[in-house]
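Below is one structure, written out as structure tokens, with a few remarks after it.
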Amino acid sequence: MAEVNLRDVRKAYGTVQVLRGIDVDVADGEFVALVGPSGCGKSTLLRMIAGLEDIAQGEIRIDDRLVNNVPPKQRDVAMVFQNYALYPHMTVARNMGFSLKLAGRPQKEIDERVAAAAAILDLSALLDRYPRQLSGGQRQRVAMGRAIVRDPQVFLFDEPLSNLDAKLRVQMRAEIKALHQRLRTTTVYVTHDQVEAMTMADKIVVMRDGHVEQIGAPLDLYDHPQNMFVAGFIGSPAMNFIKGWIEDGQFHGPGNIIAPAKDAGVDSMLDGVVLGIRPEHLLLDPAGVEATVTVVEQTGSETYLLLDIDGQRINYLGRERVAIGPGDKVRIMPDPARLHFFDEKTGQRLGAPASSGLPSASLPSPGLPSPEKPGTGRGSSPHGRKAGQEPGARARAGLGSAAARVLSLVGIRADGYRPELHYMRGSGPASTRTRGGGEPR
Ligand SMILES: Nc1ncnc2c1ncn2[C@@H]1O[C@H](COP(=O)(O)OP(=O)(O)O)[C@@H](O)[C@H]1O
Ligand SMILES: [Mg+2]
973 MAEVNLRDVR KAYGTVQVLR GIDVDVADGE FVALVGPSGC GKSTLLRMIA GLEDIAQGEI
1033 RIDDRLVNNV PPKQRDVAMV FQNYALYPHM TVARNMGFSL KLAGRPQKEI DERVAAAAAI
1093 LDLSALLDRY PRQLSGGQRQ RVAMGRAIVR DPQVFLFDEP LSNLDAKLRV QMRAEIKALH
1153 QRLRTTTVYV THDQVEAMTM ADKIVVMRDG HVEQIGAPLD LYDHPQNMFV AGFIGSPAMN
1213 FIKGWIEDGQ FHGPGNIIAP AKDAGVDSML DGVVLGIRPE HLLLDPAGVE ATVTVVEQTG
1273 SETYLLLDID GQRINYLGRE RVAIGPGDKV RIMPDPARLH FFDEKTGQRL GAPASSGLPS
1333 ASLPSPGLPS PEKPGTGRGS SPHGRKAGQE PGARARAGLG SAAARVLSLV GIRADGYRPE
1393 LHYMRGSGPA STRTRGGGEP R
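Laid out in structure tokens, this is it:
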């Protein structure tokens, strides 16, 4: 086992800069996921750790040894690829032992190590089969077996589950995790799937366009995304982003959305504020903002709603079943403890920096001229207007008093309240229909 340390690692193909200075530390025995959209440089970085790509600039250390110029075979790492390409003419046992044979190990040792790896991977009964006689998941386990027999200091995985169907992926995910918990081998795991990263990793490195956007424990990234990219990338369905402004410590958005902005770190920012709220942190609540239901999806365990508030699309996710359909109205309220604020221009988080220690957002000075007028009714959303179109910040004067009328922390103007609408209480273990009629459909 070993640490892996990356310092200012850069890579260009011709004039195209693919990695722009990557600093990552993987602790001994840690499981680190590199996650990001396709093309962001994950595989390139992993191949550089493996020694399959030159290191143009920067340093890579494995177990405190600078390996920039060490050939792959001498790095003591084992890599598992998406296309694991087993040798079709070799049995499972020979596939797994092949690298040891190439390395000139005695047959007795090869047999022992293959048997041990097969036992770990539940392949013992399949050692005499050929790849064509195996299921996809079994083949993937053989590919992992090839890596395990080498007993490397570091495992490198490049999207090893991408070729498997959804159910098998979930199963293999758990198997790889269990394997890591058993072997405790330092692991770097590349995936574009944030769910894989969230469920498997001790630490996640979110990459975009050759940069590291944020590094942190899975729930740290979920709770304290440092910027809108990470906020939108981690979590499914993705976080809602609602444009608006902050005045007197209150966020204002379309449909008369009002929310406490104490976490934004500014009392006033008259333009370019984005409220981030996850679909699962919206509550169906009679005191909330009115929204029109566009799509209803019920999986049995969860209810997903696509909502519209003055042209703003909002995703809602809850555990309760609801008896509503497209065109119906609901009232939603963001959980005030779960709000995120971002600067629309920089995409950076407003307020306290995330615990990962990355630089905090640079706060624009308050009092920027606002392009937007407050809605005077439901039809006049400030959402979607471009900066500079309407320099009418003054017209917002009435909103302070409107804010005073909101219920508790978040709400809408009292005159918009329509108690006959369908809604459900969003909290509590049981579905509690508080008003509106009918059983769940
Ligand atoms: N051998 C290569 N020559 C030129 N460009 C490459 C080469 N390998 C990768 N790239 C480019 O580098 C970028 C990052 O690729 P890659 O590391 O494979 O991304 P990821 O694994 O995150 O999807 C992509 O834009 C890709 O097209
Ligand atoms: Mg890749």
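Numbering of the sequence shown is given in the numbering used here, commencing with residue 973 and proceeding in unit increments. Cβ coordinates follow ideal geometry from the N, Cα and C atoms, glycine included.
Beta bridge counterpart(s) of residue i as assigned by DSSP
i, result
"Asp997", "Asn977"
"His1224", "Trp1217, Ile1230"
"Ile1176", "Ala1005, Gly1188"
"Glu1031", "Arg979"
"Met1051", "Leu1128"
"Met1241", "Ile1218"
Own chain residues within Cβ distance below 6 Å of residue i, not counting five before or after
i, result
"Arg1019", "Glu1025"
"Gly1244", "Glu1316, Lys1317"
"Pro1060", "Pro1103"
"Asp997", "Asn977"
"Gly993", "Asp980, Arg982"
"Gly1237", "Leu1322, Gly1323"
Three-state secondary structure (DSSP) of residue i
i, result
"Gly1108", "helix"
"Pro1197", "coil"
"His1152", "helix"
"Pro1209", "coil"
"Leu1058", "coil"
"Lys1121", "It should be noted that the sequence gives Val, not Lys, for residue 1121. In the structure shown, Val1121 sits in coil (DSSP, three-state: anything other than H, G, I, E or B)."
"Thr1171", "helix"
"Thr1318", "coil"
For residue j and residue i, the rounded distance between their alpha carbons
i, j, result
"Tyr1288", "Glu1131", "30 Å"
"Val1178", "Arg1104", "37 Å"
"Leu1254", "Val1261", "11 Å"
"His1152", "Gly1283", "47 Å"
"Ser1134", "His1224", "42 Å"
"Gln1079", "Pro1044", "24 Å"
"Thr1158", "Lys1073", "24 Å"
"Arg1293", "Pro1209", "18 Å"
"Ser1328", "Gln1054", "Unreliable placement is indicated for Ser1328, whose pLDDT of 41 sits below 50; no coordinate value is reported for it."
"Pro1040", "Phe1129", "It is Asn, not Pro, that sits at residue 1040 in the sequence shown. For Asn1040 and Phe1129, the distance between alpha carbons rounds to 20 Å."
"Gln1125", "Trp1217", "51 Å"
"Arg1077", "Ala1150", "28 Å"
"Ser1353", "Lys1234", "At Ser1353, the pLDDT of 34 sits below 50, so the modelled position is not reliable; the number obtained from the coordinates is stated separately. Each residue's alpha carbon lies about 24 Å from the other."
"Ala1089", "Met973", "17 Å"
"Gln1186", "Ser1240", "27 Å"
"Gln989", "Ala1138", "34 Å"
"Arg1066", "Ala1119", "13 Å"
Close Cβ partners of residue i (< 7 Å) along its chain, the five nearest in sequence each way excluded
i, result
"Gly1109", "Leu1136, Leu1140, Gln1143, Met1144"
"Asp1307", "His1253, Leu1255"
"Thr1163", "Ala1005, Val1007, Glu1131, Ala1169"
Cβ neighbours of residue i in the same chain (closer than 8 Å, five flanking residues each side left out)
i, result
"Leu1279", "Ala1263, Thr1264, Val1265, Thr1266, Arg1285, Ile1286, Asn1287, Tyr1288, Val1302, Ile1304"
"Ala1022", "Pro1044, Arg1047, Val1049, Met1051, Leu1128"
"Glu975", "Asp997, Val998, Ala999, Asp1000, Arg1033, Ile1034, Asp1035, Asp1036, Thr1158"
"Leu1038", "Glu1031, Ile1032"
Could you tell me which whole alpha helix (DSSP H) segments of length 4 or greater appear in the region 1065 to 1107? 1079 to 1092
Every unbroken beta strand (DSSP E) within the region 1244 to 1312, with a cutoff of 3 residues, ordered by chain: Listed in chain order, they are 1254 to 1270, 1275 to 1281, 1284 to 1290, 1301 to 1306.
Check each residue's C-beta against every heavy atom of ligand 3 and list, in chain order, those closer than 5 Å. Annotation note on ligand 3: not contained in the displayed structure, which lists ligand 1 and ligand 2 as its ligands.
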